[in-house]
Amino acid sequence: MNSILLDDSTELLSSKSLDELSSRGWCVQHTHFDHAPTHDLLNASLDAYRANLFEPAGVGAGSQNTIKHQIRSDYSRWWDPTNPTPLQENFLLQMTRIQRQLNRAMFLGIHDLELHSTIYPSGGHYEAHLDQFQGRNNRLISMVYYLNPQWQPEWGGQLRMHLEHTLIDIEPIAGNLVLFLSDSIVHEVLPTLHQRHAITGWFRNRPWPLSYFT
């Protein structure tokens, strides 16, 4: 693969983002990756969607995974970490750098990362939920990286976090990177009026086979 060897000396997450994630359980940072630009990631997602490589996203894990459009109505395509495209590999390298930062700063013991591309069609939504499966504790930090250029607030599609005393809405603008605790931050995707694209993943403390989630 034609992956790029990236300099690991420059930290991708700011100290402010790390402090916010540690103290309040979530952070948002606007960032772009030189070797995995948002427009290339978006075009790759669109090409895969047009080729019918996305599937309706379900709720629940393993044998209990079911399609419930009244709860969530997005489409997803899981990344295969054993056979990534060059573009995916470069994005994974950036996430590995973030993983190292998180482990150094928060002593999380993150072992690996699972990723999938997501598309919400017009009218799509996802009701309030936690990312941690019941009876499982392997997901530590949830990650969302948005790919939507020139997104307008009136289009909806915001990520809404249900915090103890308030609601926080985050715009799905290209370059917005969101990190939050998987086991404690309840969140939802508000109904969107336009097709909405993101890469979503979870930093985990031990690996589970991809087949467990599909």
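FYI, in this note's numbering the residues of the sequence shown are 1296 to 1509.
Glycine residues also receive a C-beta, built at the ideal position from the N, C-alpha and C atoms.
All values derive from a computational prediction rather than experimental measurement.
| Item | Value |
| --- | --- |
| Please return the same chain residues whose Cβ sits closer than 7 Å to the Cβ of L1340, not counting the five positions on each side in sequence. | What sits at residue 1340 in the sequence shown is Ser, not Leu. Around S1340: S1412, I1414, L1442 and H1492. |
| By a C-beta neighbour count over all protein chains shown, 10 Å radius and 16 as the cutoff for buried, is L1392 buried or exposed? | It is Arg, not Leu, that sits at residue 1392 in the sequence shown. Under this definition R1392 is a buried residue. |
| Please go through the segment 1380 to 1410 and give each complete alpha helix (DSSP H) segment of 4 or more residues, from N-terminal end onward. | 1381 to 1401 |
| Ordered along the chain, which non-local residues of its own chain (more than five positions away) have a Cβ less than 7 Å from that of A1331? | L1382, N1385, F1386 and Q1389 |
| Report the rounded CA-to-CA distance for Q1394 versus F1498, giving the unit in angstroms. | 7 Å |
| Flag this pair as touching only if the segment 1470 to 1484 and the segment 1430 to 1439 have three or more C-beta atom pairs under 8 Å; answer yes or no. | yes |
| With a 10 Å radius around its C-beta and 16 neighbouring C-beta atoms as the bar for buried, classify E1422 as buried or exposed. | exposed |
| Bridge partners for D1464 per DSSP, in chain order? | R1455 |
| Quick check on the burial criterion: 16 or more other C-beta atoms within 10 angstroms. Buried or exposed for I1405? | buried |
| With burial defined as no fewer than 16 other Cβ atoms inside 10 Å of the residue's Cβ, what is the status of P1467: buried or exposed? | buried |
| Going by the beta-carbon positions, is the gap between L1397 and L1313 smaller than 9 Å? | yes |
| Taking all protein chains shown into account, decide if N1471 is buried (16 or more other Cβ within 10 angstroms of its Cβ) or exposed. | buried |
| What residues are listed by DSSP as bridge partners for G1496? | L1410 and M1438 |
| Go through its chain and collect everything with a Cβ distance to L1488's Cβ below 7 Å, but skip five positions before and after it. | S1417, W1450 and G1451 |
| Report, in whole angstroms, the separation of the C-beta atoms of P1486 and H1420, which I expect to be a contact under 8 Å. | 4 Å |
| Does the beta-carbon distance from Y1344 to R1319 come in below 9 Å? | no |
| Applying the criterion that 16 or more other CB atoms from any shown protein chain within 10 Å of the CB defines a buried residue, is F1402 buried or exposed? | exposed |
| Measure the CB-CB distance between I1494 and L1410 and report whether it falls below 9 Å. | yes |
| Just the C-alpha distance for I1480 and D1342, rounded to the nearest angstrom, thanks. | 32 Å |
| DSSP beta-bridge partners for R1491? | Y1415 |
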